[in-house]
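Enquirer:
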Amino acid sequence: MTPKTIETTPYADQKPGTSGLRKRVTVYSQPNYVENYIQAIFDSLEGFAGKTLVIGGDGRFYNDVAIQKAIRIAAANGFGKVLVGQGGILSTPAASHVIRHYKAFGGLVLSASHNPGGPEGDFGIKYNIGNGGPAPEKITDAVFARTKVITSYKTLETDDIDLDAIGTQRVGDMVVEVIDPVADYADLMQTLFDFDAIRGLFAGGFRMTFDAMNAVTGPFAHAIIEGLLGAPKGTVVNGTPSPTFNDGHPDPNLVYCKDMHDLLMTPEGPDFGAASDGDGDRNLIIGKNRFVTPSDSLALLAANAHLAPGYKAGIAGIARSMPTSAAADRVAEKLGIEMHETPTGWKFFGNLLDAGRVTICGEESAGTGSNHVREKDGLWAVLLWLNILAVRKQSVDEIVREHWKTYGRNYYTRHDYEEVDAGIANTLMQELRAKLPSLPGKVFEDDLQVAYADDFTYHDPVDGSTSSMQGVRIGFADGSRIVLRLSGTGTVGATLRVYLERYEAADGRHDLDTQLALEPLIGIAEQLAGIKARTGRTEPSVIT
Ligand code: G6P
Ligand code: ZN
């Protein structure tokens, strides 16, 4: 069958953000919008003729439509084979594993992560390279450049693939294999964690609730937590993927998982609560009477990873995104291992992981993961927590408190101002940047002296590349810090993120209310950036 070349005209707005191209479904469903973007990706790659492409998504609205298009375009461009998850489903970490396991050339991950889905919701396409991780900026920049000048795309006129039928089908000369989305991933998890010990935990009456948020981790959690690990049926809730996430917002934070949080704070509630987002790469961890911040979770997992078989030889190093709290830095220091601070976006961890310089990575945005794949991995974090709980035989709260007594506590919060006018947000950042040189040495709130103020630039130690303007940092002499940056994942207007952090030593006060502990810094951020006056908002739209 001969590929057809179809003429098209470029769209000006196909610039990949922190994590692929995320837009409203209404934007994606414009004529040739998907086709242009996928062809631009393939035009920016070399050497894939006859090779394998992995395709999978989080099952959201438009997933199936985009997958059928992607398969045809892949066939017309000369890929030899497509591996696609049954029903078009692959969690983002599972897609990363499938790419690595089958030594594919790369993959298309279709998701808008934790953003709502449905005809009025969001959709996204992200290209991952052969290491299983998001494409580096070199590729995403080339893709964007290509989208601006594209004049045609290649496709085939064929019937739709039956995405529900496991096994092999053909599209032109290309083989399409529909695979079980869960099996390979579940095998991998069993190589990393002590499933017998976790089974023993559940057999001993340990009670857990896992909220799959009507999204992609449902089938994975049912198979692994209730199946292989023997947790009682009903442990996994909202476990059937829905194209609209049942009209929910699949973001595992304290706003959208408030009911679970409240349950964990009651005496009759379970011992452990966890959740994952739309595409399965984020995690939320709550113990009885103890919410664990993502930054603390990274530090705790790094400090205890050796208790799981996959990490018993120890970890090589830790990496965190710049806005993530420095709690993990103290663990790295104690272990005498490398610590790296990277820009926001999982793609920046890829080189460090490939080079064997770090084993565990994490972000304040509820992502943690390791060198087992090249994406953050929600269920992995949950299973590592379970493995640690099974070995230490303590509650989450006890483990967290012991950690703070050893390393000190980094009080931490993030205030988001969503859907702010993009012009106002950009001016706010520009004027703040202009103030930075004057700040060092200044004293705020009587005793908070600015030690440094800059716009973060990352020098990748592996490939030597530089990424500048990654967020404004204002650091104080006592280790406190204010970070401001604009989100790279929003789809409407701009989202301003304000990250606040204060360190309390190992023998200090660990039981303060987080927002109160950070109040002086919240005030300084307002004073410097004038957020309320400029945006007209009286309070953040989300506090994490
Ligand atoms: C996605 C990315 C993460 C990033 C997060 C927040 O989940 O995969 O790496 O930390 O978005 O990014 P943003 O630019 O919105 O702060
Ligand atoms: Zn996600």
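In short: position in the sequence shown from 1, add 30, done, that's the numbering used here. C-beta: ideal position from N, C-alpha, C; glycine also. Keep in mind that this is a model prediction, so the values were computed, not measured.
Measuring only from the beta carbon, is Arg52 closer than 6 Å to any heavy atom that is part of ligand 2?
Expert: False, no ligand heavy atom lies under 6 Å from that Cβ.
Enquirer: Who pairs with His489 in a beta bridge, going by DSSP?
Expert: Answer by DSSP bridge pairing, in chain order: Thr496.
Enquirer: On the DSSP bridge list, what partners appear for Gly115?
Expert: DSSP, once it has assigned bridges, lists Ile209 as partnering Gly115.
Enquirer: What number of angstroms, rounded off, separates the C-alpha of Lys81 from the C-alpha of Ser517?
Expert: About 35 Å.
Enquirer: How should Gly147 be labelled, buried or exposed, when 16 other C-beta atoms within 10 angstroms of its C-beta is the threshold for buried?
Expert: Buried, by the Cβ-count rule.
Enquirer: Going by CA-CA distance only, name the one from Leu138, Leu75, Gly523 that's closest to Lys168.
Expert: Selected option, being the one with the closest Cα: Leu75.
Enquirer: Of the residues Phe321, Glu37, Asn161, Arg503, which one's Cα is nearest the Cα of Arg463?
Expert: Considering only alpha carbons, the answer is Arg503.
Enquirer: Please identify the residue among Ala134, Thr48, Ala165, Pro40 whose C-alpha is closest to the C-alpha of Ile180.
Expert: Minimum Cα distance to Ile180 is reached at Pro40.
Enquirer: Quick one: give me the first and last residue of the beta strand (DSSP E) that Phe506 is part of.
Expert: Unbroken beta strand (DSSP E) run through Phe506: 502-506.
Enquirer: Measuring straight from C-alpha to C-alpha, what distance separates Val421 and Phe302?
Expert: For Val421 and Phe302, the distance between alpha carbons rounds to 15 Å.
Enquirer: Are there any heavy atoms of ligand 1 lying less than 6 Å away from the beta-carbon of Thr544, as far as the coordinates show?
Expert: Not under cutoff, so the answer is no.
Enquirer: Where Phe135 and Val112 are concerned, what is the direct C-alpha to C-alpha distance, given to the nearest angstrom?
Expert: Cα-Cα distance, rounded: 10 Å.
Enquirer: Does DSSP put Ile418 in a helix, a strand or coil?
Expert: DSSP places Ile418 in helix when its eight states are reduced to three.
Enquirer: Note down the Cα distance separating Met20 from Ser355, rounded to an integer number of angstroms.
Expert: This structure does not reach residue 20, given that the chain is present from 31 up to 574, and the question cannot be answered.
Enquirer: How long is the line joining the alpha carbons of Ala500 and Pro166, rounded to whole angstroms?
Expert: Residue identity differs from the one stated: residue 500 is Gln in this sequence, not Ala. Their backbone Cα atoms lie some 15 Å apart in a straight line.
Enquirer: Taking C-alpha atoms, which residue in Val246, Tyr286, Leu514 lies nearest to His445?
Expert: Ranking the options by Cα distance to His445, first place goes to Leu514.
Enquirer: Mark His402 as exposed unless 16 or more other C-beta atoms lie within 10 angstroms of its C-beta, in which case mark it buried.
Expert: With 16 or more Cβ atoms within 10 Å of its Cβ, His402 is classed as buried.
Enquirer: For ligand 2, is there a heavy atom less than 6 Å away from the beta-carbon of Arg404?
Expert: No, the Cβ of Arg404 stays beyond 6 Å of every heavy atom of ligand 2.
Enquirer: Whose CB is closer than 5 Å to a heavy atom of ligand 1? List the residues in chain order.
Expert: Answer in sequence order: Thr48, Ser49, Thr374, Gly375, Trp376, Glu393, Ser395, Ser517, Gly518, Thr519.
Enquirer: If you draw a straight line from the alpha carbon of Gly264 to that of Ala100, how long is it in whole angstroms?
Expert: Near 36 Å, if we compare the C-alpha coordinates of Ala100 and Gly264.
Enquirer: Mind the definition here: the stretch 522-533 touches the stretch 414-429 only if three or more C-beta pairs lie below 8 Å; say whether that holds.
Expert: No, because fewer than three Cβ pairs between the stretch 522-533 and the stretch 414-429 fall closer than 8 Å, the two stretches do not touch.
Enquirer: Determine the contact status of Gly151 and Val246, defining contact as a CB-CB distance below 7 Å.
Expert: No, they are not a contact pair.
Enquirer: Taking the DSSP output, what are the residues bridged to Tyr482?
Expert: DSSP lists Gly505 as partners of Tyr482.
Enquirer: If we call anything under 7 Å between Cβ atoms a contact, is Leu458 one with Ala555?
Expert: Contact: no.
Enquirer: Which value, in whole angstroms, describes the spacing of the CA atoms of Phe486 and Asp43?
Expert: Cα-Cα distance, rounded: 26 Å.
Enquirer: Closer than 6 Å by C-beta to Glu475: which residues in its own chain qualify, once you throw out the five before and the five after it? Chain order, please.
Expert: Hits under 6 Å: Pro550.
Enquirer: Does Asn158 come out as helix, strand or coil in the three-state DSSP assignment?
Expert: Strand.
Enquirer: Taking Phe647 and Leu284 to be in contact with their CB atoms under 8 Å, please state how far apart those CB atoms are, rounded to whole angstroms.
Expert: Residue 647 cannot be examined here, being either before or after the span of the chain that is shown, 31 to 574.
Enquirer: Following the continuous alpha helix (DSSP H) through Ala106, name the residue where it begins and the one where it ends.
Expert: First-last of the alpha helix (DSSP H) with Ala106: 93-106.
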